[in-house]
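Numbering (the numbering used here), first residue to last: 480 to 789. Worksheet for the structure shown next.
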């Protein structure tokens with residue numbers, strides 16, 4: 480049986496005006512009003528270029544956009560079999576799965592963004608390395624890492640695509656060494672915090688404490704963890720996954736392999752991202768991967784319906 484996966488991008492996918500643009504394609508007023516009531520602010524002020532300089536604004540925009548688009552597709556009878564999110568994308572994935580209420584997700588993501596902003600001083604973030612095997616990247620990171628200038632392997636996105644997290648100085652040195660090794664990509668990403676490494680351990684523990692007052696439910700759509708590559712059904716395990724994913728390495732390649740092995744033949748990436756679509760294509764020997772940001776939503780609907788009836 481051919482199955483469908485909705486993927487939700489992480490930080491770095493943000494685009495100025497992303498909420499306004501989505502509202503021009505589908506009506507998002509319900510979600511904007513609801514988010515505004517919960518947060519006590521006009522969420523349409525969060526997607527300006529200036530506002531997106533803050534981690535909290537970025538993460539809230541990605542949450543709202545992902546939930547709104549997925550909900551529209553589902554109401555148009557394009558139901559996924561699995562959902563999976565990269566980093567902050569795990570929160571709209573959890574909402575879409577039915578495990579986490581949207582209002583609770585807003586409060587948690589607002590806190591998450593603030594915790595991440597305050598976790599490290601300026602001079603930390605993420606960088607991407609492409610074209611080298613995992614062993615080489617780990618060797619470079621281990622050679623550079625020090626208590627004064629920490630750096631870690633954060634994301635394992637594909638066999639030769641990785642993200643490192645840490646201090647700017649340490650990342651600069653790793654990228655320099657990676658280029659000498661023949662890396663095809665060495666880019667500093669538009670993320671101001673060192674996600675998915677021990678530097679956010681305390682922040683994740685505080686966020687985990689906030690989950691004590693939140694009631695999660697067993698999902699109605701399979702929740703595939705981008706951190707572990709495993710399908711999670713138990714509410715307590717999903718809560719743990721959401722709370723601690725900012726401090727844990729992401730194994731996105733494993734998640735996409737797990738989806739493909741479970742019969743996924745169409746991966747649909749929610750706005751505003753398209754990177755996850757390229758990563759899914761590398762895993763899926765059969766089937767298709769598309770990004771809502773790059774396709775008319777009617778095209779997405781047609782693909783889903785064709786797969787369901789085929």
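Quick reminder that beta carbons are idealized off the backbone N, C-alpha and C, glycines included.
Just the Cα atoms here: how many angstroms apart are residue 662 and residue 734?
Mapped onto the chain shown, residue 662 falls at position 183. Mapped onto the chain shown, residue 734 falls at position 255. If I take the Cα positions, the gap works out to 24 Å.
For residue 563, which beta-bridge partners are listed by DSSP?
In the chain shown, residue 563 corresponds to position 84, counting from 1. Partner(s): 486.
Is it the case that the Cβ atoms of residue 607 and residue 664 are separated by a distance below 7 Å?
Your numbering for residue 607 matches position 128 in the chain shown. Your numbering for residue 664 matches position 185 in the chain shown. In contact: residue 607 and residue 664 (Cβ atoms closer than 7 Å).
Using DSSP with H/G/I as helix, E/B as strand and the rest coil, what is residue 630?
Reading the chain shown from its first residue, position 151 is the one you call residue 630. The answer is strand: DSSP assigns residue 630 an E or B state.
Could you name the residues of the same chain whose beta carbon sits closer than 6 Å to that of residue 770, not counting the 5 residues immediately before and after it, in chain order?
Position 291 of the chain shown, counted from the first residue, corresponds to residue 770. Around residue 770: 748, 753 and 756.
Can you confirm whether the stretch 701 to 710 touches the stretch 609 to 618 when touching is taken to mean that 3 or more C-beta pairs between the two stretches lie within less than 8 Å?
Segments in contact, no.
Please determine, among 590, 545 and 658, the residue with the shortest C-alpha to C-alpha distance to residue 533.
What you label residue 533 is simply residue 54 of the chain shown in a count that begins at 1. It is 590 whose Cα lies nearest to the Cα of residue 533.
Short check: CB of residue 750 to CB of residue 507, under 7 Å?
For the purposes of this step, residue 750 is identified with residue 271 of the chain shown, where counting begins at 1. For the purposes of this step, residue 507 is identified with residue 28 of the chain shown, where counting begins at 1. Going by C-beta atoms, residue 750 is not nearer than 7 Å to residue 507.
Looking at C-beta atoms only, is the number of pairs between the stretch 507 to 524 and the stretch 558 to 568 that lie closer than 8 Å three or more?
Taking 8 Å as the limit for Cβ pairs, the verdict is that the stretch 558 to 568 does not touch the stretch 507 to 524.
Looking at residue 732 and residue 484, is the spacing between their C-beta atoms short of 7 Å?
The count along the chain shown starts at 1 and reaches residue 484 at position 5. The count along the chain shown starts at 1 and reaches residue 732 at position 253. Contact flag unset, no.
For the alpha helix (DSSP H) holding residue 622, just list the boundary residues, first then last.
For the purposes of this step, residue 622 is taken as the residue at position 143 of the chain shown. 613 to 623 is the span of the alpha helix (DSSP H), which, as asked, contains residue 622.
If you compare alpha carbons, which of 526, 502, 634 and 600 is closest to residue 794?
Residue 794 lies beyond the range of the chain shown here (480 to 789); nothing can be said about it.
Could you give the residue range of the beta strand (DSSP E) that holds residue 665?
The residue you call residue 665 lines up with position 186 of the chain shown. First-last of the beta strand (DSSP E) with residue 665: 664 to 667.
Can you tell me whether residue 629 is buried or exposed? The criterion is at least 16 other CB atoms within 10 Å of its CB, across all chains shown.
Here residue 629 refers to the residue found at position 150 of the chain shown. By the neighbour-count rule (16 or more Cβ atoms within 10 Å), residue 629 is buried.
Label residue 480 either buried or exposed according to how many other C-beta atoms from any shown protein chain fall within 10 Å of its C-beta, with 16 as the threshold for buried.
Indexing the chain shown from 1 puts residue 480 at position 1. With fewer than 16 Cβ atoms within 10 Å of its Cβ, residue 480 is classed as exposed.
What's the gap between the Cα of residue 669 and the Cα of residue 602?
Translated into the one-based positions of the chain shown, residue 669 becomes position 190. Translated into the one-based positions of the chain shown, residue 602 becomes position 123. Whole-angstrom Cα-Cα distance: 12 Å.
Using CA coordinates, which residue listed in 649, 626 and 605 is at the minimum distance from residue 634?
For the purposes of this step, residue 634 is taken as the residue at position 155 of the chain shown. The candidate whose alpha carbon is nearest that of residue 634 is 605.
Hey, residue 489 and residue 576: beta-carbon distance below 7 Å or not?
The sequence position of residue 489 within the chain shown is 10, counting from 1. The sequence position of residue 576 within the chain shown is 97, counting from 1. Not closer than 7 Å, so no.
Taking the beta carbon of residue 727 as the centre, do at least 16 other beta carbons fall within 10 Å, making it buried, or is it exposed?
Within the chain shown, the letter at position 248 stands for residue 727. Under this definition residue 727 is a buried residue.
Where does residue 491 land, buried or exposed, given buried means 16+ other C-beta within 10 angstroms?
The residue given as residue 491 occupies position 12 in the chain shown. By the 10 Å Cβ count, residue 491 comes out buried.
Output needed for residue 687: all residues of its chain with C-beta closer than 6 Å, excluding positions within five of it in sequence on either side, in chain order.
Counting from 1 along the chain shown, the entry for residue 687 is found at position 208. Counting only Cβ-Cβ distances below 6 Å, and skipping sequence neighbours, we find 722.
What first and last residue would you give for the beta strand (DSSP E) that runs through residue 640?
Locating residue 640 in the chain shown gives position 161, where the first residue counts as 1. Start and end: 640 to 646.
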